[in-house]
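Asks: Counted the way my numbering counts, the sequence shown spans residues 10 to 399.
By construction, the Cβ of each residue, glycine as well, lies at the ideal position given by its N, Cα and C atoms.
Below are the structure tokens for one structure; questions will follow.
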Amino acid sequence: MSALDAARDLFAAFTGREPDGVWSAPGRVNLIGEHTDYNDGFVLPFAIGQRTYAAAARNDTGELRVRSTFADECVTVRIDELDDLFPTPAGRAPAVSEWSAYVLGVAWALRPDRAATGVDLAIASDVPVGAGLSSSAAIECVVAAALDELWGLGLGAMDLARAGRRAENEAVGAPTGIMDQAASMLGHPDAATFLDCRSLAHRSVPTGFADAGLVVLVVDTHVRHAHSTGGYRQRREACELGARTLGVPALRDLTPDDLPRAARLLDGTVFRRVRHVVTENRRVLDTVAALVEHGPRAIGDLLTASHASLRDDFEVSVPELDTAVDAALSAGALGARMTGGGFGGSVLALVPGDDAPAVTDAVHRSFAAADFTRPTIFPVTVSAGAHRSR
Ligand code: GAF
Numbered sequence: 010m011s012a013l014d015a016a017r018d019l020f021a022a023f024t025g026r027e028p029d030g031v032w033s034a035p036g037r038v039n040l041i042g043e044h045t046d047y048n049d050g051f052v053l054p055f056a057i058g059q060r061t062y063a064a065a066a067r068n069d070t071g072e073l074r075v076r077s078t079f080a081d082e083c084v085t086v087r088i089d090e091l092d093d094l095f096p097t098p099a100g101r102a103p104a105v106s107e108w109s110a111y112v113l114g115v116a117w118a119l120r121p122d123r124a125a126t127g128v129d130l131a132i133a134s135d136v137p138v139g140a141g142l143s144s145s146a147a148i149e150c151v152v153a154a155a156l157d158e159l160w161g162l163g164l165g166a167m168d169l170a171r172a173g174r175r176a177e178n179e180a181v182g183a184p185t186g187i188m189d190q191a192a193s194m195l196g197h198p199d200a201a202t203f204l205d206c207r208s209l210a211h212r213s214v215p216t217g218f219a220d221a222g223l224v225v226l227v228v229d230t231h232v233r234h235a236h237s238t239g240g241y242r243q244r245r246e247a248c249e250l251g252a253r254t255l256g257v258p259a260l261r262d263l264t265p266d267d268l269p270r271a272a273r274l275l276d277g278t279v280f281r282r283v284r285h286v287v288t289e290n291r292r293v294l295d296t297v298a299a300l301v302e303h304g305p306r307a308i309g310d311l312l313t314a315s316h317a318s319l320r321d322d323f324e325v326s327v328p329e330l331d332t333a334v335d336a337a338l339s340a341g342a343l344g345a346r347m348t349g350g351g352f353g354g355s356v357l358a359l360v361p362g363d364d365a366p367a368v369t370d371a372v373h374r375s376f377a378a379a380d381f382t383r384p385t386i387f388p389v390t391v392s393a394g395a396h397r398s399r
């Protein structure tokens with residue numbers, strides 16, 4: 010059964026009526042621009058075909074009542090009591106389950122006033138969870154799109170993306186940037202979203218993958234990660250320390266010419282974190298220029314250089330990601346890199362269509378040889394952002 014049908018069926022089973030509408034929001038693959046968003050830098054993600062669906066309708070109880078296929082749980086909260094749950098800067102409130110924190114957090118971030126109408130929501134998804142493809146942003150964005158319409162808020166896509174990020178930061182406690190929510194809200198079929206994370210100016214950049222005979226393969230390593238804990242937060246703190254020490258508002262304000270000075274003033278680890286962000290911002294700009302001027306076959310080396318920088322300077326890769334990148338490249342991928350925050354998750358490989366079976370086979374063989382869990386490998390399409398589906 011499709012995720013859309015699953016959301017509709019769940020809604021009917023739980024409310025006994027038809028929804029007012031069904032909304033959907035996609036996961037994303039970040040083509041390039043990793044760990045640059047919270048440094049006010051540049052990113053180039055695209056929305057993928059895997060989506061999260063929410064069947065929803067107003068109710069007259071003043072409550073948000075939410076069911077999902079993630080857990081056998083009906084979450085009911087009075088909308089005028091959301092302020093008692095959030096914000097939780099120290100992390101998710103123990104009374105709120107993991108998946109529902111994304112939903113309730115968005116409702117809390119968007120609630121117009123204490124008299125907001127109640128809403129019933131049923132959620133189902135085919136975005137793999139924990140694979141680094143922004144399953145959480147897809148939940149946040151589909152809920153934001155549905156509540157925007159049901160509550161008559163009339164907000165723009167970027168305002169809804171901001172509400173999603175606020176839920177992630179203040180209701181879930183993950184100190185992420187805005188890339189994932191922006192990618193899910195702004196996606197466009199056949200185009201990536203080039204976003205300046207400081208000004209939030211954005212434009213669509215056609216990828217031209219299909220016309221060039223290329224496919225994007227995703228390798229889900231099944232190594233799971235959580236950005237509310239550990240390494241992600243430490244990387245962010247190192248970047249902030251680097252910017253403070255170098256006297257700039259954010260690492261975005263540095264160019265490669267500043268790196269010799271950075272090397273003198275920063276300790277080795279912080280310097281390498283800074284060097285990744287500075288060079289990655291440049292790679293995003295170069296990728297946009299290469300796509301526009303020469304097409305997608307010209308971006309492979311930039312993708313692979315991004316992976317090397319994430320592996321060696323930012324140190325957010327893991328052996329499974331490196332193995333997938335190396336195997337894909339050796340079997341004909343034009344470029345390959347980890348995508349998302351790292352510490353697990355997925356690799357993207359840009360592959361001539363004819364070589365996709367050989368790349369898939371090579372990755373499986375190298376994982377088997379290393380005794381890693383068998384990965385899931387699938388093509389992704391460049392797809393539309395959040396919208397009302399029915
Ligand atoms: C995760 C975060 F949610 C994003 O904001 C971004 O920082 C990314 O990691 C790394 O580029 O997906």
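1) Three Cβ pairs or more, each shorter than 8 Å: is that satisfied between the region 37-49 and the region 279-292?
2) Look up Ala-432 in the DSSP assignment and say whether it is helix, strand or coil.
3) Quick check: what's the CA-CA separation for Glu-177 versus Gly-196?
4) Would you mind giving the Cβ-Cβ distance between Ser-392 and Val-31, rounded to the nearest angstrom? I have them listed as a contact below 8 Å.
5) Is the CB-CB distance between Asn-39 and Thr-348 below 8 Å?
6) Applying the criterion that 16 or more other CB atoms from any shown protein chain within 10 Å of the CB defines a buried residue, is Asp-129 buried or exposed?
7) Residues around the ligand GAF, please: the ones whose beta-carbon is closer than 5 Å to some heavy atom of it, in chain order.
8) Which residues mark the beginning and the end of the beta strand (DSSP E) in which Tyr-111 is found?
9) Give the DSSP-derived three-state secondary structure of Thr-254 in the structure shown.
10) Under a Cβ-count criterion, where at least 16 other Cβ atoms within 10 Å of its own Cβ denotes burial, should Cys-83 be classed as buried or exposed?
11) Work out the CA separation of Val-327 and Ala-22 for me, nearest whole Å.
12) Under the rule that 16 or more other beta-carbon atoms within 10 Å means buried, what is Ser-318, buried or exposed?
13) Quick one: is Gln-59 buried, meaning 16 or more other Cβ sit within 10 Å of its Cβ, or exposed?
14) Closest to Trp-108 by C-alpha separation, out of Ala-235, Arg-292, Phe-323, Val-389, would be which residue?
15) Compute the beta-carbon to beta-carbon distance between Glu-179 and Thr-97, rounded to the nearest angstrom, for a pair I have assumed lies under 8 Å.
16) Using the three-state DSSP reduction, which class does Thr-185 fall into: helix, strand or coil?
17) Do Val-115 and Ala-153 have their C-beta atoms closer together than 8 Å?
18) In angstroms, rounded to a whole number, what distance separates the CA positions of Arg-37 and Ala-299?
19) Give me, in chain order, the residues of the same chain whose beta-carbon lies closer than 7 Å to that of Leu-312; leave out the 5 immediate sequence neighbours on both sides.
20) For Met-194, count the other beta carbons within 10 Å of its own beta carbon; 16 or more makes it buried, fewer makes it exposed. Which is it?
21) With 16 other CB atoms within 10 Å as the buried threshold, where does Ala-260 fall?
22) Can you tell me whether DSSP reads Val-287 as helix, strand or coil?
23) Specify, as a first and last residue, the run of the alpha helix (DSSP H) that Gly-309 falls within.
24) Going by beta carbon distance, what residues of the same chain come within less than 7 Å of Ala-314, once the five residues before and after it are set aside?
Replies: With the given structure in hand:
1) Contact between the region 37-49 and the region 279-292 is present: 3 or more CB-CB pairs across the two stretches fall below 8 Å.
2) Shown here, the chain extends from 10 to 399; a query on residue 432 therefore has no answer.
3) Each residue's alpha carbon lies about 20 Å from the other.
4) Rounded, the Cβ-Cβ distance is 17 Å, inconsistent with contact.
5) Thr-348 sits close to Asn-39, with the two beta carbons spaced by under 8 Å.
6) That one is buried.
7) Going along the chain, the residues that qualify are Glu-43, His-44, Asp-46, Thr-185, Gly-186, Met-188, Asp-189, Gly-349, Gly-350.
8) Not the beta strand (DSSP E): Tyr-111 falls in the alpha helix (DSSP H), residues 107-119.
9) In this structure, Thr-254 counts as helix in the three-state DSSP scheme.
10) Label assigned to Cys-83: exposed.
11) If you take the alpha carbons of Ala-22 and Val-327, they lie about 42 Å apart.
12) The residue in question, Ser-318, is buried, as its Cβ has 16 or more Cβ neighbours within 10 Å.
13) Its Cβ being crowded by 16 or more others within 10 Å, Gln-59 is buried.
14) Ranking Ala-235, Arg-292, Phe-323, Val-389 by Cα distance to Trp-108 puts Ala-235 first.
15) Contact between Glu-179 and Thr-97 is confirmed by a C-beta separation of about 7 Å, below the 8 Å threshold.
16) Taken through DSSP and simplified to helix, strand or coil, Thr-185 comes out as coil.
17) Taking a C-beta distance under 8 Å as the contact criterion, Val-115 and Ala-153 qualify as a contact pair.
18) If I take the Cα positions, the gap works out to 21 Å.
19) These residues qualify, in order along the chain: Ile-41, Gly-344, Ala-345, Arg-346, Leu-359.
20) Buried, since its Cβ has 16 or more Cβ neighbours within 10 Å.
21) Per the sequence shown, residue 260 should be read as Leu rather than Ala. Classified as buried, Leu-260 has 16 or more neighbouring CB atoms from the shown chains inside 10 Å of its CB.
22) Here Val-287 sits in helix by DSSP.
23) Start and end: 309-321.
24) A distance below 7 Å between beta-carbons, with the five flanking residues on each side excluded, links Ala-314 to the following residues of its chain, in chain order: Arg-292.
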